[in-house]
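A.B. asks: These protein sequence lines map, in sequence, to chains D and W.
Counted the way numbering that gives the first Met the number 0 counts, the first sequence spans residues 0 to 375.
Counted the way numbering that gives the first Met the number 0 counts, the second sequence spans residues 0 to 133.
Can you keep this structure in mind? I'll have questions shortly.
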Amino acid sequence: MVSVTNVHMMGDIEVMGDAGLDYLRGQARIGARCAVPATTNARCIDFAHCDRLGQDPAEVAKERELIQCLRRMDVVTTDTCINYQTVYQPHLGEHVAWGDTGTVIYANSVFGARSNFESGPAALAAAITGRTPDYGFHLAENRRGSFTVQLNAKLDDLADWGAVGKLVGEAHQDYFAVPVFHDYQRTPTADELKHLGAALASYGSMGMFHFVGVTPEAPSVEVALGNRQPRERIVVSDGDIQRVYAGYSLGDGDPRLVVFSGPQQSLFEMKRLAALFEGKEVKPGSSCFVTTNGAVLAQSRALGYAKSLEDAGVVILEGVCFYILQNLSPMRQANRWTNMVSNSAKIVNIIGAHRFNTILRRTADCVDIACSGRLK
Amino acid sequence: MQRTIEVTQAFGPVVEGEALVSEEGFSPRYDLDRWSGLITKPGHKLEGRSIVDKICFFPTAKGGIAAGWAFYDIKWKKIAPKAFIFGVTNPVMVQGAVFAGIPITAGWTPHPREVVKTGDWVRVDPARRLIEVL
Numbered sequence: 000m001v002s003v004t005n006v007h008m009m010g011d012i013e014v015m016g017d018a019g020l021d022y023l024r025g026q027a028r029i030g031a032r033c034a035v036p037a038t039t040n041a042r043c044i045d046f047a048h049c050d051r052l053g054q055d056p057a058e059v060a061k062e063r064e065l066i067q068c069l070r071r072m073d074v075v076t077t078d079t080c081i082n083y084q085t086v087y088q089p090h091l092g093e094h095v096a097w098g099d100t101g102t103v104i105y106a107n108s109v110f111g112a113r114s115n116f117e118s119g120p121a122a123l124a125a126a127i128t129g130r131t132p133d134y135g136f137h138l139a140e141n142r143r144g145s146f147t148v149q150l151n152a153k154l155d156d157l158a159d160w161g162a163v164g165k166l167v168g169e170a171h172q173d174y175f176a177v178p179v180f181h182d183y184q185r186t187p188t189a190d191e192l193k194h195l196g197a198a199l200a201s202y203g204s205m206g207m208f209h210f211v212g213v214t215p216e217a218p219s220v221e222v223a224l225g226n227r228q229p230r231e232r233i234v235v236s237d238g239d240i241q242r243v244y245a246g247y248s249l250g251d252g253d254p255r256l257v258v259f260s261g262p263q264q265s266l267f268e269m270k271r272l273a274a275l276f277e278g279k280e281v282k283p284g285s286s287c288f289v290t291t292n293g294a295v296l297a298q299s300r301a302l303g304y305a306k307s308l309e310d311a312g313v314v315i316l317e318g319v320c321f322y323i324l325q326n327l328s329p330m331r332q333a334n335r336w337t338n339m340v341s342n343s344a345k346i347v348n349i350i351g352a353h354r355f356n357t358i359l360r361r362t363a364d365c366v367d368i369a370c371s372g373r374l375k
Numbered sequence: 000m001q002r003t004i005e006v007t008q009a010f011g012p013v014v015e016g017e018a019l020v021s022e023e024g025f026s027p028r029y030d031l032d033r034w035s036g037l038i039t040k041p042g043h044k045l046e047g048r049s050i051v052d053k054i055c056f057f058p059t060a061k062g063g064i065a066a067g068w069a070f071y072d073i074k075w076k077k078i079a080p081k082a083f084i085f086g087v088t089n090p091v092m093v094q095g096a097v098f099a100g101i102p103i104t105a106g107w108t109p110h111p112r113e114v115v116k117t118g119d120w121v122r123v124d125p126a127r128r129l130i131e132v133l
């Protein structure tokens, strides 16, 4: 086992169901308490919007009870999948036990911290005991790169970074495959790495990447590979990215649902969206959702970004992610949504069980689709 | 014709059931309607098929943290498969299966497509690291 300093756990009624809630009640009843700081991932109910969204009142009540159970155990209910941007940034070599895959790949890759994918119950156990099994990405030998990816592409939009994650992840579906990105021509931002990591973890179930000259365990390709030969060398070009966008079927052409979520939006994403929606309006009959956490929303309100978005008809959901919303399939049916358009490659991949036809588009194109009602 | 598959890692009791063999990976979040047990992701190679009470063969795991709670939930709802047989898996699939008491294996020789097809009756014996087509 290895001691951990921080835990991030998934726990919401949509994924846990009655069985999971009953388990939590039992843990709270016997007095289980966190031994280390523990936070929660995005949840499935936005209490301010649940009626409008048609979320089931009985499930809303269960979500409230679930939150109370977690708080009794001293879990800090942050309700965010971007804890790494807003709550806690572990340092190089720090062992943590995180869940939501996007948080884990960011911790391992960008911070050089050490975590495996921890399921909700496993993360809770780590929080209560302060330790987790010492395997996988806690061990140096599993953190070495296994193949290289030359980035011969501009990657001007967050969606482009998700497209890279899709291309690389889909072709290497292996938790222990660790790509080493190299030869990119500028410094990527935190939001760009966030979309890259979220997509790699989603399409490839990957827990770590290196980015030469950017991430702390990759001063060079050779060091990132642990001085081994890569088992494969691939190149991603602008043409490859274009082919990703061209590969999405437009289905029946329904443009009425545009989503900025999965992961939740950072403050800078909110700022950019506010600028893109300035002076525009979501087309009547269409719906555009943005999800973020409470901290980012509070600052977005103070800075006017939230007002710009809401004036344009965008609905901002707090503490949730769109794809885990309770009652999403009935919501889709009630609204007769067939397509979902997003700039997040992760959500485009993950929402399929709810029978959406999904389409990845660049951020400005998503805004244009939301406001014009024309899907292209 | 060979009638057995050796697996690398395994957990759980011996179970028997009908095989459901997928050429595509699996996530309970991405692919499964967790209220009916049907694969509902459009275009999934098992779209429309039920995993309930099946011995499910998947080459890879997709995603995902959700399996940890989701397997416990579908077991409670009585729509869980009898076992998960993965080529390559991830920690959450294992944590979820163990937490829910669903047998799970990882790594296989030979590839199931050479031995078993959907509808075959198979026995999973985790302690012996063996899957047999009966």
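Heads up, the beta-carbon is just placed ideally off N, CA and C, and yes, glycines get one too.
None of these values were measured; they are calculated from a predicted model.
Apply the 10 Å Cβ neighbour rule to D:W336 and answer buried if 16 or more other Cβ atoms are within range, or exposed otherwise.
C.D. replies: Looking at its Cβ environment, which holds 16 or more other Cβ atoms inside 10 Å, D:W336 is buried.
A.B. asks: Quick check: W:W68 and D:P120, are their CB atoms within less than 8 Å of each other?
C.D. replies: Closer than 8 Å, so yes.
A.B. asks: Which runs of the alpha helix (DSSP H) fall wholly inside the region 250–280 of chain D and span at least 4 residues, in chain order?
C.D. replies: With a minimum length of 4 residues, the continuous alpha helix (DSSP H) runs that stay inside the region 250–280 of chain D are 266–276.
A.B. asks: Which whole-angstrom value describes the C-beta separation of D:G19 and D:Y105, a residue pair presumed to lie in contact below a C-beta threshold of 8 Å?
C.D. replies: Rounded, the Cβ-Cβ distance is 25 Å, inconsistent with contact.
A.B. asks: Do D:F321 and D:N338 count as a contact pair if the criterion is CB distance below 8 Å?
C.D. replies: No; because the gap between Cβ atoms is not below 8 Å, this pair is not in contact.
A.B. asks: From the DSSP output, in three-state form, read off W:T7 for me.
C.D. replies: Residue state, collapsed to three classes: strand.
A.B. asks: Here's a check: name, in chain order, each residue in its chain whose Cβ is nearer than 6 Å to the Cβ of D:P215, leaving out the five neighbours to either side.
C.D. replies: Within the same chain, D:P215 has close Cβ partners L91 and G111.
A.B. asks: Report all residues from its chain with a CB closer than 7 Å to the CB of D:R391; omit the five preceding and five following residues, and keep chain order.
C.D. replies: Nothing in the structure corresponds to residue 391 of chain D, since chain D is present only between 0 and 375.
A.B. asks: By the criterion of Cβ-Cβ separation under 7 Å, what are the contact partners of D:D55 in chain W?
C.D. replies: Within 7 Å Cβ-Cβ: nothing; D:D55 doesn't reach chain W, min ~12 Å.
A.B. asks: Answer with buried or exposed for D:Q228, where buried requires no fewer than 16 other C-beta atoms within 10 angstroms of its C-beta.
C.D. replies: So D:Q228 ends up on the exposed side.
A.B. asks: Between which two residues does the alpha helix (DSSP H) containing D:T362 stretch?
C.D. replies: T362 to S371 is the span of the alpha helix (DSSP H), which, as asked, contains D:T362.
A.B. asks: Which term fits D:Q184, buried or exposed, when burial requires 16 or more other beta carbons within 10 angstroms of its beta carbon?
C.D. replies: With fewer than 16 other Cβ atoms within 10 Å, it is exposed.
A.B. asks: Rounded to the nearest angstrom, what separates W:F85 and W:A105 at their Cα positions?
C.D. replies: Going from the Cα of W:F85 to the Cα of W:A105 covers about 5 Å.
A.B. asks: For W:P41, would you say it is in contact with chain D, using Cβ-to-Cβ distances shorter than 8 Å as the test?
C.D. replies: Chain D, which has a Cβ nearer than 8 Å to the Cβ of W:P41, makes this yes.
A.B. asks: From the beta carbon of W:G24, is the nearest beta carbon of chain D less than 8 Å away?
C.D. replies: For W:G24, the answer is yes, since a Cβ of chain D falls inside 8 Å of its Cβ.
A.B. asks: Could you tell me the distance, in whole angstroms, from the CA atom of W:I130 to the CA atom of D:T128?
C.D. replies: Going by the C-alpha atoms only, they are around 36 Å apart.
A.B. asks: Considering only the beta carbon of each residue, do D:R202 and D:R360 sit closer than 8 Å?
C.D. replies: It is worth fixing the name first, because residue 202 of chain D is Tyr in this sequence and not Arg. No, they are not a contact pair.
A.B. asks: Tell me the DSSP secondary structure of W:F70 in three-state form.
C.D. replies: Helix, per DSSP.
A.B. asks: From this set, W:Y71, W:F83, W:Y29 and W:L45, which residue's C-alpha is nearest W:D107's C-alpha?
C.D. replies: Looking at the sequence itself, residue 107 of chain W is Trp, so the reference to Asp does not match. The shortest Cα separation from W:W107 among W:Y71, W:F83, W:Y29 and W:L45 belongs to W:F83.
A.B. asks: Using a Cβ-Cβ cut-off of less than 7 Å, list which residues of the region 351–362 of chain D approach chain W; keep chain order.
C.D. replies: Residues passing the 7 Å Cβ filter: G351, A352, R354 and N356.
A.B. asks: On a CA-only basis, which of W:E22, W:H43, W:S21 and W:S35 is nearest W:Y139? Give me that one, please.
C.D. replies: Outside the displayed range of chain W (0 to 133) lies residue 139 of chain W, so it cannot be described from this structure.
A.B. asks: Could you pull the start and end residues of the alpha helix (DSSP H) that D:E221 belongs to?
C.D. replies: It spans V220 to A223 - the alpha helix (DSSP H) in which D:E221 sits, taken as one unbroken run.
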